[in-house]
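A short write-up of the structure that comes next.
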Amino acid sequence: MASYETHEYDVLIIGAGGAGLRAAIEAAAGDLKVGLVCKSLLGKAHTVMAEGGVAAALANVDERDSWRVHFADTMRGGQYLSNARMAELHAKESPDRVRELEAWGALFDRTQEGGILQRNFGGHQYPRLAHVGDRTGLEMIRALQDHGIHQGIEVHMENTVVSLLKTGERVSGAFGYEREKGRFKVFSANAVVLATGGVGKAYKITSNSWEYTGDGHSLAYHAGAELIDMEFVQFHPTGMVWPPSVRGILVTEGVRGEGGILTNSEGKRFMFDDIPELYVNQTADSPEEGWRYTQGDREARRPPELLTRDHVARCIVREVQEGRGSPHGGVFLDIAWIKEKISNAPEHIRRKLPSMYHQFKELADIDITQEPMEVGPTTHYIMGGIRVDADSQMTAVPGLFAAGECAAGLHGANRLGGNSLSDLLVFGKRAGEYAAQFAEENEAVPLDTAEIDAIAAHTLKPFENPADDGSGEKMGPYDIQTQLQEKMQELVGIARSQESLTQALEEIQNLREQAENVHAIGNREYNSGWHTALDLDCLITISESIALAALERRASIGAHSRDDHPEKEEPGAGKYNTIVNKAPDGTMEIRRQPVDELRADLQEIIDEIG
Amino acid sequence: MAKATFRIWRGNADGAEFVDYDTEVSEGMVVLDAVHRIQAEQANDMAVRWNCKAGKCGSCSAEINGQPKLMCMTRLNDLSLDEPVTVEPMRAFPLIKDLVTDVSWNFRVKEKMKPFTPRPPDAEDGTWRMEQEDIDHIQEFRKCIECFLCQDVCHVLREHDLHDEFIGPRFFVYAASLEMHPIDTENRLEELKDSDGIGYCNITKCCTKVCPEHITITDNAIIPLKERVVDQFYDPIKKLFRVFSR
Ligand SMILES: Cc1cc2nc3c(=O)[nH]c(=O)nc-3n(C[C@H](O)[C@H](O)[C@H](O)COP(=O)(O)OP(=O)(O)OC[C@H]3O[C@@H](n4cnc5c(N)ncnc54)[C@H](O)[C@@H]3O)c2cc1C
Ligand code: SF4
Ligand code: SF4
Ligand code: FES
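Residue numbers (this note's numbering), protein chains in the order written: chain X, 1 to 610; chain Y, 1001 to 1246.
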């Protein structure tokens, strides 16, 4: 019999980023008992790193903005594969969710009139991103955290959930370990909300931290929920490329929003060379017009640097492949040039982009007010994820909800910058609300203790696996992780093909076998090797789902590019989402589901705004 | 590639010691990279906290060659590699294991402080009007990434161990961000004087020196708060005024 502590809740939230905290606050609004579990310390989740801003049609800077335009922008950005109901709710509710943060102490940058200031970002027609310099995520998570700690929520920091618990069809709780001593904890709950973030650690070059091992995706998958559109992994066009140790760290799109331009080794602004049809009417004709746009000229159209991320990333890859890259295999991102336009440029840059200034100064010895940065694509975000009901965020498993980056539907084939932070708030709140409702309306179900013993034994297996299998080549947890990252980067990265993806699936299968026998040294106390060994299962599961979905979508659309299928739609296939689930025999299944026809009133908006 | 030696604190509350690790170092590496390389290649079970690797989350605080710093923002270029680089956990907090300490006290302190309490909204849509220049100085405080390095160096906590009577510089910054918030209506001065122990701070400025966010903790947060406390509780004329205006 495994020994463990038990904690009983009405609602259990797994994850304490923006989505988890917002869900917890909502669930705790009544008198339910709410527990919150996270892998790191409170306030350190990925949300803290978001830089550019949170998108909401507040219309503080340009009164022409409205939820309808935000909706249309989101749908266009997602190549019309988004769940339209989610895009509608998101566009309608995000202004209130942002305003509410001010009531909890957040301090956004201000307009002249004293309201919340908004900035331009790729794919958004009007200045729409509420922000605080380039540390918006910090402001947001701190406001939620500082408000949340007074709502009676019980927080379990540095605890990792390794399995959901089910009783019959319903979710009944979760099983995890605390990092400090490695002791087990069982959480029983009437409803569970997954808010675990993304999957970036499946790739070698990423802006994501160790936490991003796709835990929520994998927990949900094993519990019987579906994953949709897993092939859509966002490669952010501007990550640092030099020095090697910082490769992948994000350079916010805010740099381009403030007037930064992309150039190649010939000094050419290559983004003007290729402007996708969907966007021709919205894109500037000349550098001059683009500059005016970034400075708030309402008659000007956006510079091509602010096209959607998938497109900008591909253009950068093209420049590098065709030999016009920067010395370390990227391109140049130049904000220093604005000194031609404004007199106090260095000071202006430092004020608008303080953390970028520091990041380059301290990590790369580069003064961005004087010289260009070198940038290249980095794995950043996953549009795909757990399939949920648009209104309630409930998954296919009764009582199991998901919100934030681990859930899917809003972003379709490509996410617009700033639409994630707003996603967390809008759907975090909804998940909390509906999870609370579910918990109130349904009787608690008893835990299945036999299942718990089996999970506990599995969790300790890495200590029991032999250190050596006699081959002298047995890989440790970090070796397996690195191998997986290299394979995913190489075979399931920006450019994919039938061949690369088939090979990837084979490699993943091999690594799965290795991972099952991986050995962890030491004991259960705060043992990073053991933790990494346990994360491997999630990483491998989601890697398989990404590769499988990428193989299924024989077309190049949004963030997904197939060298062997460059056309946007497979002839005759129509618009569809890919859906992955666990078959009764334990293997991974994939199918296509046609995208629902748009509601007439929403179709009208698209027809009108485009 | 060059080699360098890292002398890392290993062990737990029952006993710990420095262990030397030689590892390869290359251009642009920060201390956290070296620690990760050692962890991956030689010491899988080594405990270390990190998240962002870009100075934004405040997880990777440690003492490097005795200096409180973020490991992810300390470049090897700036250290002498002729001698072993020592990497130790923050000493003002109880050790959990290796480079990880128990910082939970900080979270308990914050929970006890009076939360943000705004005045009724200025506009019908539930929002407030604030001038940028009125919030600039609070935005400075809100840059705090809760790395707790300032808490680590403050002698009141580190040497005198007054954790029950003194909240430390991080939470003076937090108090200042609330007290000076243009729409907050709460008054926290009595707690600052009594349970929060602001009087213990003798303005050594060690906290300001180590803050990776360059927050001017002492001059901009602590001193103005001290002045407010004095104004409210010790200024004889104001005190009289209060007696009469009761
Ligand atoms: C550098 C960077 C900059 C960005 N900038 C922007 C921006 O400007 N605008 C924007 O809209 N978006 C931005 N994004 C994207 C956005 O920040 C993320 O998508 C978003 O913060 C995710 O929030 P979340 O609440 O879903 O998850 P997170 O904030 O990542 O939180 C996940 C939580 O789940 C916990 N967790 C995970 N697995 C487990 C487990 N097994 N057991 C227990 N707990 C677990 C983690 O500990 C963590 O608390 C940026 C992302 C990065 C990396
Ligand atoms: S200035 Fe005050 S708070 Fe800061 S380190 Fe010195 S005594 Fe501590
Ligand atoms: S005030 Fe500075 S040193 Fe102190 S916790 Fe905040 S960021 Fe760290
Ligand atoms: S890892 Fe986030 S501050 Fe160092």
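Glycine included, each C-beta is placed from N, C-alpha and C at the ideal position.
Residue 365 of chain X and residue 1002 of chain Y have their alpha carbons spaced roughly 20 angstroms apart.
Taking all protein chains shown into account, residue 223 of chain X has 16 or more neighbouring C-beta atoms within 10 Å of its C-beta and is therefore buried.
Within the stretch 275-316 of chain X, the runs of alpha helix (DSSP H) that reach at least 4 residues and sit entirely inside it are, in chain order, 287-294. The DSSP assignment places complete beta strand (DSSP E) segments of no fewer than 3 residues inside the stretch 310-377 of chain X at 331-334, in order along the chain. Distance between residue 100 of chain X and residue 151 of chain X, taken at the CA atoms: about 16 angstroms. Distances from the CA of residue 13 of chain X to each of X:153, X:112, X:541 were compared; the closest alpha carbon is that of X:153. Between residue 222 of chain X and chain Y, the shortest Cβ-Cβ separation is not below 8 angstroms. Excluding residues up to 5 positions away in sequence, 552, 573, 576, 577, 578, 579 lie with their Cβ nearer than 8 angstroms to the Cβ of residue 592 of chain X in the same chain. Straight across, the Cα-Cα distance linking residue 503 of chain X with residue 281 of chain X is about 41 angstroms.
Under the DSSP assignment, residue 1009 of chain Y falls in the beta strand (DSSP E) whose first and last residues are 1002-1012.
Residues are counted here when their Cβ sits less than 9 angstroms from a Cβ of chain X; for the stretch 1092-1104 of chain Y these are 1096, 1097, 1098, 1100, 1102, 1103, 1104, given in chain order.
Contact of residue 1154 of chain Y with chain X is not assigned, every C-beta pair being separated by 8 angstroms or more. Pairing residue 1148 of chain Y with residue 1106 of chain Y gives a Cβ-Cβ distance under 8 angstroms. In summary, residue 310 of chain X is buried, with 16 or more beta-carbon neighbours lying within 10 Å of its beta-carbon over all protein chains present. By the rule that beta-carbons nearer than 8 angstroms mark a contact, residue 1215 of chain Y does not touch chain X. The stretch 198-218 of chain X makes contact with the stretch 401-411 of chain X: 3 or more CB pairs, one atom from each, lie closer than 8 angstroms. Taken through DSSP and simplified to helix, strand or coil, residue 1048 of chain Y comes out as coil. Each residue's CA atom was taken as its position, placing residue 264 of chain X and residue 324 of chain X some 6 angstroms apart. Excluding the 5 residues flanking it on each side, residue 1152 of chain Y has same chain C-beta neighbours closer than 6 angstroms at 1068, 1090, 1092, in chain order. Between the stretch 367-387 of chain X and the stretch 325-336 of chain X there are three or more inter-stretch CB-CB distances shorter than 8 angstroms, so the stretches are counted as touching.
DSSP places residue 76 of chain X within a helical segment (H, G or I) once states are collapsed to three.
A straight line joining the alpha-carbon of residue 583 of chain X with that of residue 192 of chain X spans about 23 angstroms. Taking C-beta atoms under 8 angstroms as the contact rule, residue 1080 of chain Y and residue 1070 of chain Y fail to qualify, at a distance of about 19 angstroms.
In chain order, the residues positioned with their C-beta nearer than 7 angstroms to some heavy atom of ligand 4 are Y:1032, Y:1050, Y:1051, Y:1052, Y:1053, Y:1054, Y:1055, Y:1056, Y:1057, Y:1058, Y:1059, Y:1060, Y:1070, Y:1071, Y:1072, Y:1073, Y:1145, Y:1147. Counted as a single uninterrupted DSSP element, the alpha helix (DSSP H) harbouring residue 477 of chain X occupies residues 477-491. By the Cβ neighbour-count rule, residue 449 of chain X is exposed, with fewer than 16 other Cβ atoms within 10 Å of its own. Within 7 angstroms of the CB of residue 1191 of chain Y, no CB atom of chain X is found; the nearest one sits about 15 angstroms away. Annotation for residue 539 of chain X indicates a beta carbon at 7 angstroms or more from all heavy atoms of ligand 1. Runs of alpha helix (DSSP H) with 4 or more residues, each lying fully within the stretch 1129-1204 of chain Y, are found at 1132-1141, 1149-1153, 1155-1158, 1169-1179, 1189-1193, listed in chain order.
Residue 160 of chain X carries a strand assignment under DSSP once its states are collapsed to helix, strand and coil. Under the three-state reduction of DSSP output, residue 598 of chain X falls in the coil class, being neither helix nor strand. A residue is called buried once 16 or more other Cβ atoms fall within 10 Å of its Cβ, and residue 1169 of chain Y is buried on that count. The alpha-carbon separation between residue 588 of chain X and residue 506 of chain X amounts to approximately 14 angstroms. Contact of residue 1116 of chain Y with chain X is assigned, a C-beta pair being separated by under 8 angstroms. Residue 117 of chain X and residue 61 of chain X do touch by the CB rule: their CB atoms are close to 7 angstroms apart, below 8 angstroms. For residue 221 of chain X, the closest alpha carbon among the candidates X:396, X:19, X:601 is that of X:396.
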